[in-house]
Amino acid sequence: MEHTRQTNLAQVANILGVNIHKKMLQDILKDIEQKICSNSFSWIATVNPEILLKAHKNKTYRKLLNTASLSVADGAGVMLAALFMGEALPARIPGVDLVYSICNIAEKNSKSVFLLGGNQINNQKSIEELHKKYPRLSLTGTAHIDHKNKQSVKTIIKQLSQKPPDVVLVALGAPHQEIVIYKHLSKTHGISLAMGIGGSLDMISGALPRAPKVLRIIGIEWLWRLLLQPTRARRIFNATIVFPLKTIAYWLRIQTMYRTNILSLILDKDKNILIAERVDSPGHWQMPQGGKDKGESLKNTFFREMQEELGSNTFSVHRIVKNFYKYTWPKWHKLNSGYKGQKQSLVIATATDPNALNPDKREFSQLAWVSRAEILNRVHAVRKEATKKALEHLNTSNVL
Numbered sequence: 055m056e057h058t059r060q061t062n063l064a065q066v067a068n069i070l071g072v073n074i075h076k077k078m079l080q081d082i083l084k085d086i087e088q089k090i091c092s093n094s095f096s097w098i099a100t101v102n103p104e105i106l107l108k109a110h111k112n113k114t115y116r117k118l119l120n121t122a123s124l125s126v127a128d129g130a131g132v133m134l135a136a137l138f139m140g141e142a143l144p145a146r147i148p149g150v151d152l153v154y155s156i157c158n159i160a161e162k163n164s165k166s167v168f169l170l171g172g173n174q175i176n177n178q179k180s181i182e183e184l185h186k187k188y189p190r191l192s193l194t195g196t197a198h199i200d201h202k203n204k205q206s207v208k209t210i211i212k213q214l215s216q217k218p219p220d221v222v223l224v225a226l227g228a229p230h231q232e233i234v235i236y237k238h239l240s241k242t243h244g245i246s247l248a249m250g251i252g253g254s255l256d257m258i259s260g261a262l263p264r265a266p267k268v269l270r271i272i273g274i275e276w277l278w279r280l281l282l283q284p285t286r287a288r289r290i291f292n293a294t295i296v297f298p299l300k301t302i303a304y305w306l307r308i309q310t311m312y313r314t315n316i317l318s319l320i321l322d323k324d325k326n327i328l329i330a331e332r333v334d335s336p337g338h339w340q341m342p343q344g345g346k347d348k349g350e351s352l353k354n355t356f357f358r359e360m361q362e363e364l365g366s367n368t369f370s371v372h373r374i375v376k377n378f379y380k381y382t383w384p385k386w387h388k389l390n391s392g393y394k395g396q397k398q399s400l401v402i403a404t405a406t407d408p409n410a411l412n413p414d415k416r417e418f419s420q421l422a423w424v425s426r427a428e429i430l431n432r433v434h435a436v437r438k439e440a441t442k443k444a445l446e447h448l449n450t451s452n453v454l
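Sequential numbering of the sequence shown, starting at 55, is according to our numbering.
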């Protein structure tokens, strides 16, 4: 079961399952200043079409991005996608412009900045250029990091922890920069803000000239990049062709398709029914359930999901009711999941060894066995209709 936290669509747009904050530029800059001056850690995700495509393919990366303290749209393609999905964004901020803004804020508040990643020549040139623009800015250093080498990462993180800068700008490209931020910098005491900046240092150092302002304004900076770096043709094709097509396909799916899911009605020897409390929503009790993989039988889905969620496959399956219940999700859930709703099949089974149940603590905080008479009062309101229908099938089965 994949938990999906409720999204406030008044505050964020959701594109291919990734949240991007709906904030005006002045509000973003004000928010950044507060974060830089804070004693707690925050991080910023600069979301472009390439990042969205990678997150669409990789659930772990998508979930990681959605932990960002602030997500901003970096690219005209993201703005158009948000508009198409009915979730218009008020501001587009190229990553390199955000780097300049952060350095300006850091200078004004006497905060230090560290450049992590990139190559030595561009890093040094970037420091020189940033010092010209912000002469009082404290740039405490740069370091190359091999994100594939655990010892390299460990060495750099130890160096940063000994004298932590206030801000770390990470130039490793996606998804590596976000992973380093999430796994390491977020746990390094003393750092207030981190942000992945991709190839921004190439432009700041002058190694790669920025597109003329008119091209940036009308959203075709990619054409300039293609002319200067023809080797990026594949990446540009993904951003300008594949990404819009994926967005359209995603939109069509949330209008028409239901995710296939199994609901597990598990009995003990006394015919009590197993319910579980969700970790992400205390007090939210439900029967275990989970999504069906492509080409997988419903029975195999049941055993796989129960092994993952309950740590056991000691069950005897009595009955499977295909597509016994279908429901539509609210808009925030559709945008997060990429489906209109869920169609459930019911699996009625007995736990042959209840003592073997060992719930995944990332999924469920606790389990409980309840009677048929009690269960409708115990499950969450959104689960009552499915539970009621499941009981009807249980009562007409030969299990009781």
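Where is the CB? At the ideal position from N, CA and C, for every residue including glycine. The structure displayed is predicted, hence computed values, not measured ones.
Considering Cα atoms alone, identify which of the options is closest to residue i.
i	options	result
N163	D81, L214, S246 and N120	S246
N452	K300, I402 and S123	I402
E363	R307, F418 and S125	F418
T242	Q231, W339 and Q213	Q213
L191	A228, N158 and A303	N158
L124	H185, A248, S206 and L107	A248
L106	L193, P298, H185 and K353	P298
M257	T196, Q216, I235 and L184	L184
P219	A228, A197 and W276	A197
P342	E350, F356 and L352	F356
N102	E428, I74 and T114	I74
P189	V207, T209, Q205 and E161	E161
G253	D151, V207, V371 and Q80	D151
Do residue i and residue j have their C-beta atoms within less than 8 Å of each other?
i	j	result
I251	G149	yes
L280	A405	no
R264	E104	no
T121	W386	no
S259	K348	no
L319	A422	no
L306	N68	no
S155	V221	no
Q420	E331	yes
I147	V126	yes
I211	H238	yes
Q340	H434	yes
L143	K76	yes
Taking the beta carbon of residue i as the centre, do at least 16 other beta carbons fall within 10 Å, making it buried, or is it exposed?
i	result
D334	exposed
G140	exposed
E56	Residue confidence is low: E56 scores 48 on pLDDT, short of 50, so the model does not pin down where it sits. Its coordinate-derived value is still stated next. Per the 10 Å Cβ criterion, exposed.
N455	Given a span of 55 to 454 for the chain in the structure shown, any question on residue 455 remains unanswerable.
I272	exposed
D128	buried
Q65	exposed
L137	exposed
F369	buried
V436	exposed
T314	buried
Using a Cβ-Cβ cut-off of 7 Å (strictly less than) and excluding sequence neighbours within five positions of residue i, which residues of its own chain qualify?
i	result
F95	S240, I245 and S246
V424	N326, I327, I329 and R432
L277	L269
N177	L169, T196 and L255
K300	L70, L107 and H110
E439	none
With a threshold of 6 Å on Cβ separation, who are the neighbours of residue i within its own chain once the five nearest residues in sequence on each side are excluded?
i	result
L119	V72, A99 and A109
K376	S399
A225	G171, G172, I251 and L255
G395	Y312, Y381, T382 and W383
E182	none
Hey, could you find the ends of the alpha helix (DSSP H) residue i is sitting in?
i	result
S215	K204 to Q216
Y154	G149 to K162
T301	F297 to T310
Y115	K113 to L119
L281	E275 to L282
T355	L352 to L364
A427	R426 to R432
G131	A130 to F138
Could you give the residue range of the beta strand (DSSP E) that holds residue i?
i	result
R332	I327 to R332
H372	F369 to T382
S166	S166 to G171
S192	S192 to A197
M249	L247 to G250
Near residue i, what residues of its chain come up, given a Cβ to Cβ distance below 8 Å and the 5 sequence neighbours on each side ignored?
i	result
S366	M360, A405, D407, A410, L411 and N412
G193	Note on residue identity: the sequence assigns Leu, not Gly, to residue 193. Here the set comprises S166, V167, F168, L169, I181, L184 and H185.
With respect to 7 Å, is the separation between the Cβ of residue i and the closest non-hydrogen atom of the ligand COA below this value?
i	result
D200	Looking for the ligand COA in the displayed structure turns up nothing, as the structure carries no ligands at all.
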